[in-house]
Amino acid sequence: MNAPLPGTRPQAANIPLQRARPEATGIRLEQVSKRFRGGVLAVDRVDLDVRPGEFVVLVGPSGCGKSTLLRMIAGLEAVSGGRIWLGDQDVTSRLPQERDVAMVFQSYALYPRMTVRRNLGFGLRMRHTGRPERNRRVAEVAEVLGLEHLLDRRPAALSGGQRQRVAMGRAIVREPKAFLMDEPLSNLDAKLRVSMRAQLSRLHQRLGTTTVYVTHDQVEAMTLGQRVAVLRDGVLQQCDTPQHLFRHPVNLFVAAFIGSPSMNFVAASVSGGAAHFADLRVPLPAGSSLATADRQVILGIRPTGFGVAESNGWPTLRAVPDVVEELGDERNLIIDINAPRVDTDATRAAVAARTADDALLLPEEKARFTVRVPGDHPVSIGEPLDLAVNPERLYFFDPETGQTLR
Amino acid sequence: MTTRTATGPVRIESRWARPLQVGRYLLLFAFACFFLMPVYVLVVTALKDPVQVSVSRMWELPQSLSLNGFREVWPKLRPGLVNSVLLAVPVSIISSVLGAANGFVLSKWRFPGADIVFPLILFGMFIPYQAILIPMVRTMRDLGMQGGLDGLILVHVIYGLPITTLIFRSYFAGISDELIDAAKVDGAGMLRTLAYVALPIAPPAFAVAMIWQFTSSWNDFLFGVMLTSKENWPVTVALNNIAGGQQVPFHEVMASGLLACLPTLLVYVVLGRFFMRGLMAGALKG
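Have a look at this one:
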């Protein structure tokens, strides 16, 4: 955000919020489990260490237990097993009001009969902060978030974005040990969401407060998180930096879940130091543990793992695009591959969790690939073209366990 | 109609719409007249001069307006009206506040066994007055609360708890759990969540509960006559005494009936505006 647009108020970027913060507090989960009364195991022995001041995103398809995990950190759900540490304090059996964490809810959960000012100050009032101090902090946060002119309004008289900022401000004003955010941006329209995402990042840089953020949107997870924890069916799959998650997924699910458009999968066989699928022979990357193997695998290629055929020695694939999606700078091509389609629980769960951007309208036996090519590369539907496969960017998975084979 | 221009407002309707609408309103008007007949007799008789009152001419309009009925009945009715106000106001306030607390813990601050406690409370609604009359009177006598209004208030508060609990439980069940969670995380315990978050959004439930409790304690006769002594009789007992003599003075009965039902009407009018919707607006996303 550079110069504020006319008619908008200066927001997070412009005003420094400088305060000598006490040491940021880390959050440690040890073997945390949650079994609901019906017997459903929502969270299964999760270990997670959020470092002081870190921004960690919990991501996964709906029902994966990420919100439950967050609510357990807040103290809104009791754990069925394991321990939760806030700094060096074991808070496992503490009430939410004793934990000194602040939470931002998906619905914002603003108190409807209170003005914005009283909404912001409620947490401080409940913690017996004196009125002058309370007013000072509310005014400061209102200024940072551009809410000063709204302080005497009730939530009903605010727009969605303004309500969202009040919800954020209510957490910030308390200066808690940690922020817990449960899909706070999912009720905003797409444009506002992107701008709030950037503001959130900036706010976190400035405040340095430990943050755990829940979302089902892997783009949001990748752009916001310093580290991203991927959950599936209550089990933590992988927790890593976005780059590492993208480059080195530990299994089929993470590979399918992270990245947009998602990774292409095809059943392939490995023998003689090369992978074979659809009449194509792709040499294995140097140092692969599969070099001497002779077995079936699931092969994964990112849409960006293809190049235009040149004389670089990459194996080429002759394909006919069925669909061409224009994105401006780039194009997505959807091509048929003469090899069996991969349809496992893991890939289905990963794809179903996302916006149906690459769901097939016509389920077929054959695999289909999404390929991203530069926008200046001439393509047209039905016109065959040669695509080079980058051997360095292949992923191999065990067809039985889904584990990555390196 | 050839004079209608193309730019005028055009309604799209079946050609039978008008006749059907007229028929519908005629039917509704006939029903309304039927149901308003007792009210008509009540008002008309109350305004008649004593000499004009007779059963054979009850449908006729009064020849001259007379407030004699009201004037004669007022001294007999006044102590009862005062007693009933002193009864119904505390009853509706106390049982609504207790019902709000009950409803809150049964829906938003649940405790183990809440699913058993709630049906047990609801059973209270289905116990007929007559079934508990004798034990109740004996209990109140043993407690030394017979004769005064305090005992009657206690009885009505307890008898009203199931319905007010139900009203508030349903109302609070409709508000978002996240609102309560937000208060918890903000540092409020149960009582402060109730006081600062739940009660401020509950005026519609209070209106319903208070109208209900005011009306039922105002209209109650049986408990009043059993539990209070003469000087504490509520208006219903006074009404009964006026109507229950050797010779029934119809204009007085009708006048006192009118007077006795005015406070409940007033409560409906005053509290009814809190029924308005949208008290929750703005709490959540939409």
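Taken in sequence, the protein lines are chains A and B. Numbering-wise, the first sequence is residues 281 to 686 according to my numbering. Numbering-wise, the second sequence is residues 2 to 287 according to my numbering. Glycine included, each C-beta is placed from N, C-alpha and C at the ideal position.
Excluding the five sequence neighbours on either side, which residues of its own chain have a C-beta within less than 8 Å of the C-beta of residue i, listed in chain order?
i, result
"B/VAL156", "MET137, MET141, PHE224, LEU228"
"B/VAL92", "ILE154, HIS157, VAL158, GLY161, GLN214, PHE215, SER218"
"B/ILE94", "MET211"
"B/ASN220", "THR237, THR265"
"B/ALA203", "ALA101, PHE169, TYR172, PHE173"
"B/ALA47", "GLY70, PHE71, HIS252, MET255, ALA256, GLY258, LEU259"
"A/ARG434", "PRO392, ARG393, MET394, THR395, VAL396"
"A/PRO664", "ARG598, ALA599, VAL600"
"B/VAL86", "PRO264"
"A/SER660", "PRO601, VAL604"
DSSP three-state label for residue i, please.
i, result
"B/LEU195", "helix"
"A/ASP497", "coil"
"B/GLN214", "helix"
"A/GLU455", "coil"
"A/PRO583", "coil"
"A/PRO286", "Below a pLDDT of 50, predicted positions are generally treated as unreliable, and A/PRO286, at 43, falls in that range; the measurement from the model is reported next regardless. If DSSP states are grouped into helix, strand and coil, A/PRO286 belongs with coil."
"B/LEU228", "helix"
"A/PHE385", "coil"
"A/LEU641", "For A/LEU641, the pLDDT reaches just 46, beneath the cut-off of 50, and the residue's location in the model is therefore unreliable, although a value from the coordinates is still provided. In the structure shown, A/LEU641 sits in coil (DSSP, three-state: anything other than H, G, I, E or B)."
"A/MET476", "helix"
"B/TYR26", "helix"
"A/ALA547", "strand"
"B/PRO201", "helix"
"B/ASP151", "helix"
"A/LYS646", "strand"
"A/MET461", "strand"
By how many angstroms is the C-alpha of residue j removed from the C-alpha of residue i?
i, j, result
"A/ASP469", "B/ALA183", "23 Å"
"B/PHE127", "B/VAL268", "25 Å"
"B/ILE168", "A/ARG317", "27 Å"
"A/ALA458", "A/SER347", "16 Å"
"A/PRO341", "A/LEU487", "29 Å"
"B/VAL90", "B/VAL186", "37 Å"
"B/ASP143", "B/SER230", "16 Å"
"A/LEU366", "A/THR305", "7 Å"
"B/ALA244", "B/ALA261", "13 Å"
"A/VAL562", "A/GLU672", "10 Å"
"A/ALA626", "A/VAL534", "9 Å"
"A/ILE538", "A/GLY514", "17 Å"
"A/PRO679", "A/MET502", "27 Å"
"A/ARG315", "A/ILE452", "32 Å"
"A/PRO658", "A/GLN442", "45 Å"
"B/MET2", "A/ALA436", "In this predicted model, B/MET2 has a pLDDT of only 47, less than 50, meaning its place in the structure is not dependable; the value taken from the coordinates is given anyway. If you take the alpha carbons of B/MET2 and A/ALA436, they lie about 48 Å apart."
"A/ARG411", "A/LEU338", "36 Å"
"A/TYR675", "A/VAL530", "10 Å"
"A/PRO296", "A/GLY403", "For A/PRO296, the predicted model reports a pLDDT of 45, less than 50, meaning its position is unreliable; a value from the coordinates is still stated below. Spanning the two alpha carbons is a distance of roughly 23 Å."
"B/GLU11", "B/PRO20", "The sequence shown places Val at residue 11 of chain B, rather than the Glu named in the question. One C-alpha to the other measures close to 18 Å."
"A/VAL588", "A/VAL622", "25 Å"
"A/GLY580", "B/ILE181", "46 Å"
"A/ARG450", "B/PHE105", "24 Å"
"B/ALA108", "A/LEU685", "First, the amino acid is wrong: residue 108 of chain B is Ser here, not Ala. Approximately 51 Å, taken between the alpha carbons."
Thinking C-alpha only, which one of the options is nearest residue i?
i, options, result
"B/GLY188", "A/PRO522, A/PRO376, A/GLU463", "A/PRO376"
"A/CYS344", "A/LEU321, A/PHE335, A/VAL336, A/SER360", "A/LEU321"
"A/GLN523", "A/ASN531, A/LEU516, A/VAL508", "A/VAL508"
"B/GLY81", "B/LEU150, B/PRO201, B/LEU37", "B/LEU150"
"B/ILE164", "B/PRO250, B/LEU121, B/GLU179, B/ILE133", "B/LEU121"
"A/GLY362", "A/ARG407, A/SER313, A/GLY319, A/TYR388", "A/SER313"
"A/PHE545", "A/ARG628, A/ARG450, A/SER360", "A/ARG628"
"A/GLU303", "A/HIS408, A/ARG414, A/ASP368", "A/ASP368"
Tell me which residues share the same chain as residue i and place their Cβ nearer than 6 Å to its Cβ, disregarding the 5 neighbours each side in the sequence.
i, result
"A/VAL371", "ILE364, ARG379"
"A/PRO583", "PRO541, THR650, VAL651, ARG652"
"B/PHE222", "THR237"
"B/TRP360", "Because chain B here runs from 2 to 287, residue 360 of chain B falls outside it and cannot be looked at."
"B/TYR197", "none"
"A/ALA447", "VAL384, TYR388"
For residue i, I'd like the list of residues in its chain whose CB is within less than 7 Å of its CB, leaving aside the five on either flank, ordered along the chain.
i, result
"A/ALA636", "Because A/ALA636 carries a pLDDT of 45, less than 50, the predicted location of this residue cannot be relied on, and the following value inherits that uncertainty. Counting only Cβ-Cβ distances below 7 Å, and skipping sequence neighbours, we find nothing."
"B/LEU200", "ALA101"
"A/ALA532", "The sequence shown places Leu at residue 532 of chain A, rather than the Ala named in the question. Same-chain partners within the cutoff: ILE578, THR624, ALA626, THR627, PHE677, GLY682."
Could you tell me whether the region 597-617 of chain A touches the region 545-558 of chain A, where touching means 3 or more Cβ pairs closer than 8 Å?
yes
Could you tell me whether the region 169-179 of chain B touches the region 51-65 of chain B, using the rule of 3 or more Cβ pairs below 8 Å?
no
Using 8 Å as the Cβ pair cut-off and three pairs as the minimum, do the region 321-330 of chain A and the region 349-366 of chain A touch?
yes
Can at least three beta-carbon pairs, one atom from the region 448-462 of chain A and one from the region 487-503 of chain A, be found at a separation below 8 Å?
yes
Mind listing which residues of the region 89-117 of chain B have their C-beta closer than 7 Å to chain C's C-betas, in chain order?
Among the protein chains of the structure shown, namely A and B, there is no chain C.
The region 566-581 of chain A touching the region 604-614 of chain A, judged by at least three CB pairs closer than 8 Å
no
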